[in-house]
Amino acid sequence: MTPAFRLSLLLGLLAPVLPGAEGRPGTLQDGWELVTLYRFNEAEALFRRLADREPSREHRYALAVSLLNRQPKSDRTVAEARRYLTALVKESTAPDEEITLAARFYVARILQLHQSKPDLAAARLAYRELSRTPGGGFWAEVAAVKWATLHVYEVTPWSEKAARLAEAEKELARLTSPTLRKDLQIILADGYEKFGISLPAALHHLEEAWAAGIERGIDQGDFLARMGELARRIGDPAKARGYFTEFLRRFRRDERVYWITQKVADLEQGDRR
Amino acid sequence: MNTSGSTPAAFRRPSDWTKHLFILLLLGIELLPLYMMVQVSLKDNAAFIRNPWLPSSPADWQWENWVHAARLVLPYVSNSLFVAVTGTMLTLALALAGAYFFARSRLPFSRLLWAAFMVLMMLPGIANIVPLFSLLKEMSLLNTLYALVLVGVAGGQAFNLFVLRGFIEDLPRDLFEAAEIDGAGHFQQLVHVVVPMSASILGTLAILAFLNKWNEFLLPLIILRDRELFTIGVGLIYLDGEYVKQWGQIMAAYLFAALPLLILFAFTMRLFVRGLSQGAIKG
Amino acid sequence: MKRRPLVWAGLAAFALIYAVATVRVLILSATASPVANAKVTVRFAHFYLEPGLREAYAQIAADYMHLHPGVRVEQIAVPQRIFNAWAKTQLIGGTAPDLVLVDGGQFTLEDLARHFTPLHEWVEAPNPYNSGTDVADLPWRETFIDGLTGSYDSRLLSYYSIPTSLFTNRVFFNRALWREIFGTETPPSDYEDFLAACERIEAWGAARGRPLVPLAGSVYNAPFLIDFLFGTQTQRRQFEVAWSAHLRADLSPSVALLQGRWDFSDPALQAAFRIVRDVGRHIQPGFLQLQRDDANFAFLQGRAVMLASGAHEAASLRAQAEFPLGVFALPVPGTDHPRYGAQIFGPVTEANIRPAGAFGLTRTSREPVQAVDFLRYLTSQATAARFAALSGWLTAVADAQIPAALDPFRPVTAGYANGFDLSIRRRHPDAKRVADTNLHLLIAAGSDDAAVAAYTAALARDYPPALRLDLENRVANTRRNVMRQDGNLAAYRWMSQAAPDDTVLKRRFNEVAEQIDGNEAENYFIMHELARTAAATQPPARP
Amino acid sequence: MKPPASRSSPAAAFREWRLYLFVLPSLFLVALFAYFPAASAIYHSLFDWQGGEAKQYVAWANFNRAWSDRVLWDSFVTVAFLVGFNLVKMLPSIALAVVIHRLRSERWQYLYRVLLVVPMLVPGLVTLFIWKFYLDPNLGLLNRLLDATGLKAALVGLDRLAGWGVFAEGVPIGWLSQPQLVLPSLFLWGFPWIGAVGVLIYLAGLQAIGTEVYEAAELDGIGPVGKFFYIELPLILTQVRLNLTLLIISTLQGYGLQLLLLGDTGGPGGRGMTPGLWMYNRAFIAGEFGYACAIGLILFGFILALSLVNNRYVRTRR
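Chains as they are written, first to last, in this note's numbering: chain V, 12 to 284; chain U, 10 to 292; chain H, 129 to 671; chain E, 534 to 851.
Following this line, the structure appears as structure tokens:
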């Protein structure tokens, strides 16, 4: 055995006992960057050190959020995160402060997503309340989108879906962020189409979302094909041809090119007839 | 070989030819893979595809398959030898000491410990691979041959302890008593009484352990990354994974992989056969 | 115990060999330590052990090292059979090479998210190795034949691999035998011709007492025929059951099955089963127990006239065949075909073949920049052309000059996308398991109708519960991913608040929000339909 | 049983504490490389775990799922068959040992023992390759043998009578591609099932029989078969029992052969699926490591229970 090997063996055995990365300096920025790299346990350790040294609201909020993904994930860690978040909300005197709003949002996310047995009804209520907070800003608007999603997809008979979609649609009025409006409109378009309620309504929302700008280049082809096909089915050949032609111009290597070319040809033939 | 009458010497029928036939038939089938390995190792693919079963004429023998195999396999053989021999020696040394503990004493916890060792034989290992892997990673033992040695030693404990304990318990007690009167401690007793008495069983167990480690491929497959460290089991799997199989080269490689075993057996066959035949291993 | 000198001599010799081996190992472990290796090293792992491939990669790597003297590029070729287990453990252990092949769906969302680096920032920039060409200013992404869509993960919102090759499906045939049987070397031109040729081959072999099968087959090769033909019969149905009008194959058929919008007695499915049987009966008997080698062996020995496989098999076959090799694309039934015409739109496009040989960049890579640089080199138009010439494989790089010998393998793009198969395009491992383990029923001896009925019955019993399990797993995976993204949302929010002028951060933040919302909506829809249909598709009690 | 050297008491422990040092190294390695991973697997059986860092505690969900997992319980049926097969497969080794033992020539006895050991040189992959060749539907030795001996015709006739729908005229038998034949093929696998180590161990037991025993039996007019049951079998019973135990354990845990022969789905109809293979499938194919750990634990419980029963009721003299 080489000395290096023996040393590594020893270190390996002692690893659980040796002091960890304790004492290494770190900032809030470092911690959030660790979160974006999915290194939640390291982020949580860092935030905990920061919160122990200086229990500011920002530090405790960061700790709570990183705790949500601390591994191994269990209802105990999630409950701990929830305690911190609730405390942040309770002690706050300014209901429109960023951390208070964010903490309320994440409490709702715990109910909806993070606890092992989600409580969708409670989450929906929490989102509703948050979305109605005056001066709620971004977090209130996100909550409105979440509420709409849960409302549309609550397990109910398909016959109720039209009414639910209409209610969700009303939330659009309170959204000022273009991104969030667009997200909600995609959800609405999907709902109108998947539940087979109204193709024109689906097309309408898709067109507005398209106008707002789709971030993901890869989805743009789907959008164009979808709007074209919906327009074709609704019976608006000119519009359909417009979207299809745009698709053919921008996605020359797509698997749908041949098919859509045929569709365009058919539409033109229809025009001539 | 010692022939002190354990055979029914006076009890003989005139002819044993039916028995010979029976034995030879079974052995013939058992030896068929060996035959295939040798004859295919001297063919090229075209000859193999034309006629897989019969050997080609000596003029067409492709000796370069052997050259290729030797060049390919020898580094693997060297790695495997290190792992298997080191592992075998450690396995037996530790198991012998452990068996001495169990055979010679009824100290507190010894029954519990015994049960704990025996349970090991019943653990199915597949799902344990990932934790084991993480552990080796923590110990910086990934991509090393030492990991194979250590895990192999741990894996061999249960069976060898089981056999050796039975053996030591069956040794005549007066040997130990005489040694104790001479003032020998447990360690001296182990070295001067147990080891000489159990040479042949140790030899047998050593060969079994060696074979076991020689054929191991799952663990090395997973923890070895660099080709220089490959053991023979992994090397052969890699060879077998080629899409265009050069059957001749593959079989030649197999043949060369078996070479160290052949040498080992050639010299220790008597030891091995006698060890097993002396009734060392029993339930 | 007698001590025989020979035994001791043997043991001594053995001890000596052991000593030599030990010294060698000690030297190896002393020199192989990473500290001793000061050079920048990029390792890439793949499972392409076909002839010529490793040599081609080695050549490209050598060229690259020549260009960058401070860099070492090493390839690690692992057999495909063990690649999954190998790669997963290496990734978990953090010892994975810089670049790992991520083809074939062996990595889950979780694996990709945790172990691979998203490449979106790199692929938007031009590939410097293309400078001086027409595509010098295009983003790297646009230089691939599929615009890199195959490497994009819609749930993780980024590109996770860079493809190098492209495998089209073809039927290889033994031209010498073909001439002997048919008097010509012209391959069949339509589907009925193809079937007739199969029957003719069987009759010809039987008449001469020669064991001859039309199609060599194995569990590896058969899907090239049967999944493809199955897909032709679901072209229309895929489109009719889709939940969205985007005209692309997606998860819709799975949910549509739950919803009762199709089942196995559907005419399209019945036709699909029948067409699989049509061809399956002409594959060498017992192919379900055979492997890729066995099929190649039967074909090379002249026991089978044709072999269906990917274009990547061409080089291996050419290297070994003692007869001239022919290639044709499997003909599809025309729309006027009496039995199969009704379900299809027309010829099948190969534009949706996902490029292969796609390498992902591992998070544990110590030289990510260098590794990406090597990928850029590998997929520049010039290198791609050289690689195609060296390896005999099509390249995933658009407009690269490929040798004329590869022309028969070029993807056909004039056609419609195929519909779903029973794995719903490899999305559902358990459903695929059920379809595969019952396939023997469909090709069993006896009447066509009985076999189709038996397969239909087996699927009706076992498939829906397996599909539910797959969908549940998928929902759980997506949920796990959304949980992780929740952390990202907070992180990007905080960082973009701290740096309000950073547009990149703002864009990432919007993307994360868009992704969470999109994923959640789809997940809730699947859960909705799973819950709504739970009673109808419960596994029946076992007798 | 001999009286032990030391008594089990705290005083003895105090006096003989050095003895513990003998077992310590072994225990240490085992704890590190065997118990720790096993404990980790037990721990993870309570989690929804994909093998990485991320995991969520789900309590007994994996076990509840296993309870209603049809594939798992079918795999236990399959493995029960395999255990039964392996019991039968022990017989040729015993027979061979007895026949070799009864040979009158010492020299031949020794030669045969040596020849027995020789196949152990051949790597397992070669044996696998050869056997796949035997069972190949089109080229395989087995089908050729059946065709040549007319047994195939007999099987087809039987099939027609019994209506199995397995064998048909003019269709090669797909030993591993027809679900009904998967288990029979696994039974045939490795014929004539000689385990060299086993034979040598039995031979060792047989050597304890003195000549006079045979002479006495001869006088009593006991035939060759009788001699086997009255004289030879009792002497090797302990070895048989040991072999049996090890065999059952390894069969229950086994998955390698099925994986290599039939693939990770257990082949046609999933008939070759064993609990071990299902565990492999779930871990490495489906990525459900947590569930795979639960299956492993169930399998372990099963083996433990069997061993306890075996120890209690099948105990023979030591």
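Glycine residues also receive a C-beta, built at the ideal position from the N, C-alpha and C atoms.
Secondary structure of Glu821 (chain E) (DSSP, three-state): coil. For Met806 (chain E), no alpha helix (DSSP H) segment is defined, and its DSSP state is neither H nor E.
Per the DSSP secondary-structure output, Asp581 (chain E) pairs in a beta bridge with E:Gln589. Taking a contact as a CB-CB distance under 8 angstroms, the pair Phe272 (chain H) and Val525 (chain H) counts as one, their CB atoms being some 6 angstroms apart. DSSP places Phe31 (chain U) in the uninterrupted alpha helix (DSSP H) bounded by 26-49.
For the C-beta of Ala587 (chain E), the chain V residues within less than 9 angstroms are, from N- to C-terminus, Tyr49, Phe51, Asn80, Gln82, Pro83, Lys84.
Contact of Glu65 (chain V) with chain H is not assigned, every C-beta pair being separated by 8 angstroms or more. The Cβ atoms of Ala585 (chain H) and Ala579 (chain H) lie no closer than 8 angstroms to each other. Scanning U:Phe168, U:Tyr44, U:Ala187, U:Leu233 for the CA closest to the CA of Leu264 (chain U) turns up U:Tyr44. Tyr49 (chain V) sits in coil when the DSSP states are folded into three classes, being neither helix nor strand. For Leu397 (chain H), the closest alpha carbon among the candidates H:Phe427, H:Arg376, H:Gln361 is that of H:Gln361. At a cut-off of 8 angstroms between C-beta atoms, Leu435 (chain H) does not count as an interface residue with respect to chain U. Under the Cβ criterion of 8 angstroms, Arg608 (chain H) is counted among the residues facing chain E.
For Phe415 (chain H), the chain E residues whose Cβ falls inside 9 angstroms of its Cβ are Pro670, Gly707, Ser710, in order along the chain. Within the same chain, and ignoring the five residues on either side of Glu69 (chain V) in sequence, the residues whose Cβ sits closer than 7 angstroms to its Cβ are Leu39, Ile110.
In the DSSP assignment, Glu639 (chain E) falls within the alpha helix (DSSP H) that extends over 639-650. Following the DSSP letters along the chain, one finds His634 (chain E) inside the alpha helix (DSSP H) bounded by residues 603-635.
In this chain, the alpha helix (DSSP H) harbouring Leu721 (chain E) covers 712-721.
Contacts with chain E (Cβ-Cβ distance below 7 angstroms) from the stretch 102-130 of chain V involve Ser127, listed in chain order. Closest by C-alpha distance to Ile472 (chain H), out of H:Gln498, H:Ala532, H:Gln363, is H:Gln363. Looking at the backbone, the Cα of Ala189 (chain H) and that of Val268 (chain V) are separated by about 36 angstroms. Taking C-beta atoms under 8 angstroms as the contact rule, Ala223 (chain V) and Lys193 (chain V) qualify, at a distance of about 4 angstroms. Under DSSP, Lys84 (chain V) forms a beta bridge with E:Gln589.
Counting other Cβ atoms within 10 Å of its Cβ, Pro66 (chain V) stays below 16 and is therefore classed as exposed. Assignment of Thr360 (chain H) by DSSP, reduced to helix, strand and coil, places it in the helix class. Thr256 (chain V) is outside the set of residues whose beta carbon lies under 8 angstroms from a beta carbon in chain H.
Neighbours of Phe817 (chain E) across chain H, judged by C-beta separation under 8 angstroms: Asn212, Ala213, Lys216.
Spanning the alpha carbons of Ile530 (chain H) and Phe537 (chain H) requires a straight line of approximately 11 angstroms. In terms of beta-carbon proximity, Glu600 (chain H) stays away from the interface with chain V, with every pair separated by 8 angstroms or more.
For Thr169 (chain H), the enclosing beta strand (DSSP E) stretches over residues 168-174. Residue state for Ser142 (chain V) is assigned as helix, using DSSP reduced to three classes. Residue-level contact by beta carbon fails for Glu478 (chain H) and chain U, as no gap is shorter than 8 angstroms.
From the beta-carbon of Leu241 (chain V), the residues of chain H found nearer than 8 angstroms are Ala373. Around the CB of Gln366 (chain H), 16 or more other CB atoms lie within 10 Å, so the residue is classed as buried. A residue is called buried when at least 16 other Cβ atoms come within 10 angstroms of its Cβ; Ile246 (chain U) meets this threshold and is buried. If only uninterrupted alpha helix (DSSP H) runs of at least 4 residues are considered, those enclosed by the stretch 192-276 of chain H are 208-221, 237-243, 248-251.
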